[in-house]
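One structure is given here, and the rest of the page talks about it.
In the working numbering, the protein residues as written are -12 to 232.
Given below as structure tokens:
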């Protein structure tokens, strides 16, 4: 009971609170994965909710108990005349907005970016990594040198399967600068086979798309130029899709 009292007093985002409930085994991990990855028409349905604070839900609950106005439309998906989108990475929930922006700028310039193929890569790669983790009986983040030796063929099969995939090379192979071999260090392996990184980049795309699409008249996007890999490429890309820089 103390856990619930403390969480109800928390000002953390809902996503962090739910993760703590999973840690405390109040919520099952399978259910957490289900609601986090649940999508409709290509959009993660609950991304916005996970970013909202518990305090907001408490206020909504108080209001619903004594409503003072009639609402005809939900906030979700509602347009606004002006939108200010501040590009920031987040660990909880995992959102790698700058990894996405760098990927998008690079791929768009080369006519490689395609949402459907990106999402399909995530689904396939995530399934393979979860299957491997089940075999390892541990998360990729917890692997040891002995696991690399004992399950080398399993790692190699996944690596070879996606070696020609552009999203795998950009995200997991750090723009094709990493390789998997018998003596690849564990730190690099944890980067190469990290399904959460792929999910965080995909989530960033969906968040960026939803946020920007709500602007009816004016959209302003604030970025940290220091986190852009190739500024000229980035500028050219976003000018082509209609931005003024």
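All residues carry an ideal CB built from backbone N, CA and C; glycine is no exception.
(request) Taking the CB atoms as reference points, tell me whether residue 99 and residue 153 lie closer together than 8 Å. (result) yes
(message) Mapping the DSSP letters down to three states, classify residue 177 as helix, strand or coil.
(response) helix
(request) Alpha carbon to alpha carbon, how far is residue 159 from residue 88? Give it in angstroms, no decimals. (result) 16 Å
(message) Here's the rule I'm using: 16 or more other beta-carbon atoms within 10 Å means buried, otherwise exposed. How should residue 54 be labelled?
(response) In this prediction, residue 54 scores a pLDDT of 47, lower than 50, which makes its location untrustworthy; no coordinate-derived value is stated.
(request) Take residue 183 as the anchor and find which of 24, 167, 213, 130 has the nearest alpha-carbon. (result) 24
(message) Taking the beta strand (DSSP E) that residue 121 belongs to, which residues open and close that run?
(response) Counting along the chain, residue 121 falls outside any beta strand (DSSP E), though it belongs to the alpha helix (DSSP H) covering 102 to 123.
(request) Grab me the residues of residue 67's own chain with a C-beta within less than 8 Å of its C-beta, minus the 5 sequence neighbours each way, in chain order. (result) 201, 202, 203
(message) In whole angstroms, give me the CA-to-CA distance for residue 224 and residue 83.
(response) 19 Å
(message) Relative to the C-alpha of residue 178, which candidate in 129, 18, 96, 229 has its C-alpha closest?
(response) 129
(message) If you reduce the DSSP assignment to three classes, tell me which class residue 46 lands in.
(response) helix
(request) Rounded to whole angstroms, what's the CA-CA distance from residue 14 to residue 96? Just pull it up for me. (result) 43 Å
(request) Within its chain, find whatever has a CB closer than 8 Å to the CB of residue 16; leave out the 5 residues flanking it on each side and keep chain order. (result) 9
(message) Tell me the residue span of the alpha helix (DSSP H) that contains residue 13.
(response) Unbroken run through residue 13: none, as it is neither H nor E.
(request) Whole angstroms is fine: what's the gap from residue 195's alpha carbon to residue 106's? (result) 15 Å
(request) Check residue 88 in the structure and name its three-state DSSP category. (result) helix
(message) Taking 7 Å as the limit between beta carbons, can you name the residues of its chain near residue 73, skipping five residues before and five after?
(response) 209
(request) Give the secondary structure of residue 202 by DSSP, where H, G and I count as helix, E and B as strand, and everything else as coil. (result) strand
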